[in-house]
Structure formats: C-alpha cells, structure tokens
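Visitor:
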Amino acid sequence: MKFGIRNTLHLCLPSLLILIVLSTEASDPSSIIARFQQYLQINTAQPNPEYKQAAEFIISQAKSFSLESHTIEFVNGKPLILLKWLGTNPALPSILLNSHTDVVPAEHQKWTHHPFGAHMDDNGNIYARGSQDMKCVGMQYLEAIRRLKASGFQPLRSIHLSFVPDEEIGGNAGAGTFSQSEVFNILNVGIVLDEGLPSPSENYRPFYAERSPWWLVIRTTGAPGHGAKLYDNTAMENLLKSIETIRRFRASQFDLVKAGLRADGEVVSVNMVFLKAGTPSPTDFVMNLQPSEAEAGFDIRVPPNADPGSLERRIAEEWAPTSRNMTFSFKQKEPLHDKFGKPFLTATDRSNPWWTLLEDAVRKPGGKLGKPEIFPASTDACYFREQGIAAIGFSPIANTPNLLHDHNEFLNQDEYLKGIEIYESIIKAFASFVDPERDRSSTDEL
Ligand SMILES: [Zn+2]
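Letter by letter, the sequence shown follows residues -26 to -1, 1 to 420 of mature numbering (1 follows the signal peptide of the UniProt record, and there is no 0).
1. Can you tell me whether lysine 109 is buried or exposed, with buried defined as 16 or more other CB within 10 angstroms of its CB?
2. Between which two residues does the alpha helix (DSSP H) holding valine 78 run?
3. What do you reckon, is the C-beta of aspartate 107 under 7 Å from a heavy atom of ligand 1?
4. Which residue wins for smallest C-alpha separation from alanine 355, given the options Pro282, Val163 and Lys215?
5. Could you tell me whether any non-hydrogen atom of ligand 1 is closer than 7 Å to the CB of glutamate 141?
6. Thinking arginine 103 and alanine 19 are a contact (beta carbons under 8 Å), I'd like their distance in whole angstroms, please.
7. Measure the C-alpha to C-alpha separation of arginine -21 and isoleucine 6 and round it to an integer number of angstroms.
8. Note down the Cα distance separating histidine 88 from aspartate 140, rounded to an integer number of angstroms.
9. In this structure, what does DSSP give as the bridge partners for aspartate 168?
10. Beta-carbon within less than 6 Å of proline 410's beta-carbon, same chain only, minus the 5 sequence neighbours each way: which residues are those?
11. How would you write the range of the alpha helix (DSSP H) that tyrosine 397 sits in, first residue to last?
12. Would a C-beta distance cut-off of 8 Å place serine 266 and alanine 321 closer than the cut-off?
13. Buried or exposed for valine 276, going by 16 or more other Cβ atoms inside 10 Å?
14. Would you mind reading off the limits of the beta strand (DSSP E) that contains methionine 113?
15. Output needed for asparagine 99: all residues of its chain with C-beta closer than 6 Å, excluding positions within five of it in sequence on either side, in chain order.
16. Are leucine 378 and leucine 171 closer than 8 Å when you measure CB to CB?
17. Assuming methionine 300 and serine 406 form a contact by the criterion Cβ under 8 Å, report the distance between their Cβ atoms to the nearest whole angstrom.
18. Below 7 Å, is the gap between the Cβ of threonine 353 and the nearest heavy atom of ligand 1?
19. How big is the Cα-Cα spacing for glycine 344 and glutamate 184?
20. Does isoleucine 401 pass the burial test, meaning 16 or more other C-beta atoms within 10 Å, or should it be called exposed?
21. Please return the same chain residues whose Cβ sits closer than 7 Å to the Cβ of aspartate 212, not counting the five positions on each side in sequence.
22. Is histidine 93 near ligand 1 - that is, is its Cβ less than 7 Å away from at least one heavy atom of it?
23. Quick one, which of Asp388, Phe304, Gly234 and Lys392 has its alpha-carbon nearest glycine 341's?
24. What does the alpha-carbon distance come out to for the pair valine 191 and phenylalanine 248?
25. Specify the secondary structure class of lysine 250 as computed by DSSP and reduced to three states.
26. Starting from the N-terminal side, write out each stretch of the alpha helix (DSSP H) that is 4 residues or longer and does not extend beyond the segment 276 to 356.
27. Mapping the DSSP letters down to three states, classify aspartate 229 as helix, strand or coil.
28. Return the CA-CA distance between valine 260 and threonine 219, expressed in angstroms with no decimal places.
29. Cβ of valine 231 within 8 Å of Cβ of isoleucine 274?
30. Does ligand 1 have even one heavy atom less than 7 Å from the beta-carbon of histidine 87?
31. Would you check if there are 3 or more beta carbon pairs closer than 8 Å linking the segment 323 to 340 to the segment 285 to 294?
32. Leaving out the 5 sequence neighbours to the left and right, which residues in its chain are closer than 7 Å to isoleucine 143 when beta-carbon positions are compared?
33. My assumption, with CB atoms under 8 Å, is that valine 166 sits in contact with alanine 365. Please give the rounded CB distance.
34. Assign proline 410 to one of three DSSP states: helix, strand, or coil.
35. In the DSSP assignment, find the beta strand (DSSP E) that holds valine 191 and state where it starts and stops.
36. Among Leu263, Gly252, Phe228 and Val244, which residue has its Cα nearest to the Cα of tyrosine 205?
See below:
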C-alpha cells in the first residue's frame, strides 16, 4: 500500500505541478498583458514586416501549451503559421480562427507613445500599431485556448488557428492562396472567425459580409489644341463630364447613409483617388496647351446584394462612354458571388447554427452584440466566403474608438481581458457543437 501511495504521488505530483503552472499562466492578468505587449513589440509593419520573429513568437506560445504547429510559406519569406488542437471527432467540420500578423505602417513622430513600444498608460490603455488591427485578436484566440486547455476542456471538433501574412497588402500571399490550397481543404473547415471593427458603444460589432473592391480607371482622349480655343470633345472636357456624373451617383448613395436609410456597408461607395492629366514642362505644366489624354482612378466598393450587371452598364454607358472617346479598365475587381454562384454573405439567422451559437456564446459572459453589418472595407474573410464557407468578422472590442490605421491606436487592458473571456465562450460553444442534421454523414464514416 505504502509503495502504492508513494508511486501515485510520484506520478501525480509533476503533472499536478504542470497543471498549476498552466492555470496560473492562463489566468494571471499581468502575464497575459505582458504576452500581448511582446507580440505588439514585433515590428510587422508593411512593407518590411518582421515575419520571422512573429512566427517564432507564435510558435513558442503554441508550444507552451502543447498545440501542434506548422509553418507554410506559399511565398518565400512570408510564413503562415497553422496551429491545431485536435478534436475528439476530427471527422466533423472544424473551426478556423484566422488573424493576420502584418500591420500598416505608423508615422512614429505623430504618436504619443512609440507605435511598437506597447506602452501602457495609467488608464490601462496599451498603445501600439496592431493593438486593434489585429494582433489583439490573434493573441486573444491563443489566451482563450490556453485557458480552455488549463481547465481540462476537450474539444469535440478540431480547432485550427491561422496566422497569415500580407492581409494589409491584399492577402494574396496569405489567406488568398491558403483558402484555395490542399492544406486548407484537408482542414474541412465549417466556420471561420476573422477580424471585425472596434465599437464605440457597449455592443460588439459582428460582420457577415463585406463589400467587394472594384478599382476603376477611366481614360479619355481628344484632339489637342491651343489653351485659348473653345472647341468640343477635348480630353479634359470628356473626363470632367464623367467626373460630374460619378459625383452625382456618389452623392445619391451618401444621401441614403445620411438619411439613416442604409448603413455604410450597404451602399456602393465611390471615391476619386487619382487624376492624371496635363503636359509636363521642365519646371511645371504647359499652360497654353489642352492635353490629348486624361485619366482618373476610382475606389468603388460594392455590397454583396448589389446588382453587378447594372453597375457595369452604368460604368460603360455613363461613366466611360465610347461616345466621349472613353475607355475603362479595372485594376482590381472582386466578384460579388462565391464559387457556387451565391452572394458572398454568411447567414445571420436560424438557418446558420454557427450564428446562433455565437449570439448565445457572446451573451453568456455578459457581452452585448449589435446588429450584424456588412464590413465597409475588405478583410481576409472574403477568401473563405468565396469558397462557400461561413465566416464571421468579429473583434471583441467595445467602448473603444475605431483607430484602425490611425495614429495612437490603442486598446484598454480590461477590454482585452474581457475579449479573452468572450472567445473562451465562443470557442467552447463552437468546438462542442453537435449538428444532428449536417454531421450525420461525418459520424457515420467513423
Ligand atoms: Zn486587419
């Protein structure tokens, strides 16, 4: 008996100690915040992100609580880190928690604290580029999983985390290639969580779709002539007529937003982003010559429920008509429909069980959820929706001004810690979800 007891003690003490260390690491706020600051201090700003250091940091975190990790480079020097927590039924569709590791550049001199110092002020605000977009989310996923592991939770469905590069420059080398790869296919993803936006109110903002960018360039030609002569069909006059037409359309869309009839993400936005015209002289521009060519660029964002055909006709017939010697092309034109021909959106009603689970899981620890919205810009979530997979954009940041890509981006430590609790609840709900209808075939296969 004595031997028995001694043996049991020998076996249990180390694992007990490990459990205690794990749960202290998982619950101690100052360690949690220090890890967040460490990630923020890695300068992953475009155009030269320190991807290697970011990858090493993420992998070391994953190792500290025994998550399986793989590094994939679809493009040399741009690592994508894939972490895995195997579910007890890996045949079921899995969960993917996506975040990007890069951030946009920061103008250091215009910040109160250094953008890669991760300084915390007396109010608990942590200042850093990426504190909202979206290193917070990547670390919160990890912290939530660290806690779930320490609590002894066992996921039914496998959980994957992808830390992807280059979202801020279009995502082709990251989520774009990943979502079309065999590596992704094998994961059998059922639901993706990706970034959302901070909310100045107490309600978190969930996003079920986003607008597709159409980057339009219109060009016109006309007979050159003396700057003093009035005549028809000059390149500048032709272009100006188009600009006026486009501005009227812009105003009509903006009026809908101002009147409160549509949200930002529900209208077609169009903004002129460049103008190229004029004949250069050695010192400036030639002033007495009407140029023979002119060009303008527009950033158009199209919501998934818009009619792409009618917008294309409008561009061809009104914005760049051949009758005014005009042509047009797109620098980028993302589709509005997924590969199955359905609009790019994730249902936010009873037809989508993941949505219902998310709603309940956010409320459980006391979070409040606002009305689902269309993301006004683009995120990596579009690549997953393009594959016909449900994707929800969600950053658990409430009571915070939206400072994405702005100076003095910050996140309060309490808001960050609360977000971890929210993710813990969501991941637990997603990973335990049994869908009697859809999972039958996967269970039968076992
Ligand atoms: Zn982002």
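Glycine included, each C-beta is placed from N, C-alpha and C at the ideal position.
Guide: To lay it out plainly:
1. In the sequence shown, the residue the question calls residue 109 occupies position 135. Under this definition lysine 109 is a buried residue.
2. Here residue 78 refers to the residue found at position 104 of the sequence shown. Valine 78 -> no alpha helix (DSSP H), and no H or E assigned at all.
3. Position 133 of the sequence shown, counted from the start, is the residue given in the question as residue 107. Yes, the beta carbon of aspartate 107 sits closer than 7 Å to at least one heavy atom of ligand 1.
4. Sequence index remark: in the sequence shown, residue 355 carries index 381 (1-based). Answer by Cα proximity: Val163.
5. On the sequence shown, position 167 is the one that residue 141 refers to. Glutamate 141: yes, Cβ under 7 Å from ligand 1.
6. Position 129 of the sequence shown holds residue 103. Position 45 of the sequence shown holds residue 19. Arginine 103 to alanine 19, Cβ: 6 Å. Contact.
7. The count along the sequence shown starts at 1 and reaches residue -21 at position 6. The count along the sequence shown starts at 1 and reaches residue 6 at position 32. Its pLDDT being 38, under 50, arginine -21 is placed unreliably by the model, and the measurement read from it follows with that caveat. Looking at the two C-alpha atoms, the distance is approximately 36 Å.
8. Looking up residue 88 in the sequence shown gives position 114. Looking up residue 140 in the sequence shown gives position 166. Each residue's Cα considered, the two are about 23 Å apart.
9. In the sequence shown, counting from the first residue as 1, residue 168 sits at position 194. For aspartate 168, which the question treats as bridged, DSSP gives the partners Gly367.
10. Working through the sequence shown from its first residue, we reach residue 410 at position 436. So the list is empty, once near-sequence residues are dropped.
11. Taking the sequence shown and counting its residues from 1, the one referred to as residue 397 is at position 423. 387 to 406 is the extent of the alpha helix (DSSP H) around tyrosine 397.
12. By one-based count along the sequence shown, residue 266 stands at place 292. By one-based count along the sequence shown, residue 321 stands at place 347. For serine 266 and alanine 321, no; Cβs fall outside 8 Å.
13. Taking the sequence shown and counting its residues from 1, the one referred to as residue 276 is at position 302. Result: buried.
14. Here residue 113 refers to the residue found at position 139 when the sequence shown is read from its first residue. From DSSP, methionine 113 is part of no beta strand (DSSP E) but of the alpha helix (DSSP H) over 109 to 124.
15. If you number the sequence shown from 1, residue 99 lands on position 125. Closer than 6 Å at Cβ, skipping near neighbours: Phe384 and Asn386.
16. Looking up residue 378 in the sequence shown gives position 404. Looking up residue 171 in the sequence shown gives position 197. Contact flag set, yes.
17. In the sequence shown, the residue the question calls residue 300 occupies position 326. In the sequence shown, the residue the question calls residue 406 occupies position 432. About 58 Å separates the two Cβ atoms, so there is no contact after all.
18. One-based indexing of the sequence shown puts residue 353 at position 379. Yes.
19. As a working mapping, residue 344 is identified with position 370 in the sequence shown. As a working mapping, residue 184 is identified with position 210 in the sequence shown. So the alpha carbons of these two residues sit roughly 17 Å apart.
20. Sequence index remark: in the sequence shown, residue 401 carries index 427 (1-based). Buried, since its Cβ has 16 or more Cβ neighbours within 10 Å.
21. For the purposes of this step, residue 212 is identified with residue 238 of the sequence shown, where counting begins at 1. Note on identity: in this sequence residue 212 is asparagine, with aspartate being the wrong assignment. Excluding positions up to five away in sequence, the list reads Thr194, Gly196, Arg298, Asn299 and Met300.
22. Within the sequence shown, numbered from 1, the residue matching residue 93 stands at position 119. Not so, every heavy atom of ligand 1 lies at least 7 Å from the Cβ.
23. Taking the first residue of the sequence shown as position 1, residue 341 is located at position 367. It is Lys392.
24. As a first step, residue 191 must be located in the sequence shown, where it is residue number 217. As a first step, residue 248 must be located in the sequence shown, where it is residue number 274. Distance between the alpha carbons of valine 191 and phenylalanine 248 is about 9 Å.
25. Sequence index remark: in the sequence shown, residue 250 carries index 276 (1-based). It is a strand residue.
26. 282 to 288 and 327 to 337
27. What you label residue 229 is simply residue 255 of the sequence shown in a count that begins at 1. In the structure shown, aspartate 229 sits in a helix (DSSP, three-state: H, G or I).
28. Taking the sequence shown and counting its residues from 1, one reaches residue 260 at position 286. Taking the sequence shown and counting its residues from 1, one reaches residue 219 at position 245. Using only the alpha carbons, I get a separation of about 28 Å.
29. Within the sequence shown, residue 231 is the residue found at index 257, counting from 1. Within the sequence shown, residue 274 is the residue found at index 300, counting from 1. No. Outside cutoff.
30. Locating residue 87 in the sequence shown gives position 113, where the first residue counts as 1. Checking every heavy atom of ligand 1 against the Cβ of histidine 87, none is found closer than 7 Å.
31. no
32. Residue 143 sits at position 169 when you count from the first residue of the sequence shown. These residues qualify, in order along the chain: Gln20.
33. Residue numbering aside, residue 166 sits at position 192 when the sequence shown is read from its first letter. Residue numbering aside, residue 365 sits at position 391 when the sequence shown is read from its first letter. That pair is a contact at about 4 Å.
34. Counting from one through the sequence shown, the residue named residue 410 turns up at place 436. It is coil, neither helix nor strand.
35. Along the sequence shown, read from residue 1 onward, the residue named residue 191 stands at position 217. Unbroken beta strand (DSSP E) run through valine 191: 186 to 195.
36. Numbered from 1 along the sequence shown, position 231 holds the residue referred to as residue 205. Comparing Cα positions, the closest option is Leu263.
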